[in-house]
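Engineer: Residues in the sequence shown are numbered consecutively from 1, following our numbering.
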Amino acid sequence: MATRRRKGDQEDTKQNLPSVWKRVFVSGSKWQEKDEFLDVIYWGRQLVAMLCGILWGIIPLKGFLGIALFCAANAGILYVYFTSFQGIDEEEYGGVWELTKEGFMSSFALFLVVWIIVYSALFFD
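Written out as structure tokens, the structure reads:
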């Protein structure tokens, strides 16, 4: 019986919080579970990677400059998001470095794929 009450209590607290989609766009949102916020950071990086890959392919950027600008943009945008916009305590998540590297390599791979495809489609000789 105690287990059922706990599940019910957890469901009640989850129902009182707005959905993750709403909390993503509301400044200073409360994140009950750390994994939810880390998922937001992960998928935010994927979105930044797609947009940068498309933009870099259209511009057309080449070489190390494109990679360096992506790394700076990816880290910078997400850093501003979780420190200024959401205002979370970084130490709860293992520090700034842990949040900065969350999902970085997979977003880097996605960026490279999108960048190469868009660039090749537009500027193939």
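Beta carbons: idealized from backbone N, C-alpha and C, even for Gly.
1. Excluding sequence positions up to five away, which residues of its chain have a Cβ less than 7 Å from the Cβ of F111?
2. Looking at the unbroken alpha helix (DSSP H) that takes in L69, where does it start and where does it end?
3. Work out the CA separation of D125 and A109 for me, nearest whole Å.
4. If you drop the 5 nearest sequence neighbours on each side, which residues of the same chain put their C-beta closer than 6 Å to that of I117?
5. Kindly give me the distance between the Cβ atoms of G103 and I41, rounded to whole angstroms, as I take these residues to be in contact under 8 Å.
6. Could you check which residue in P60, K22, S84 and F82 has the C-alpha nearest to that of W115?
7. Where does D39 sit, in a helix, a strand or coil, going by DSSP?
Structural biologist: Checking against the coordinates, here is how it stands:
1. The answer, listed in chain order, is A49, C52, G53 and F70.
2. G63 to V80
3. 25 Å
4. none
5. 7 Å
6. Among P60, K22, S84 and F82, the Cα nearest to that of W115 belongs to P60.
7. helix
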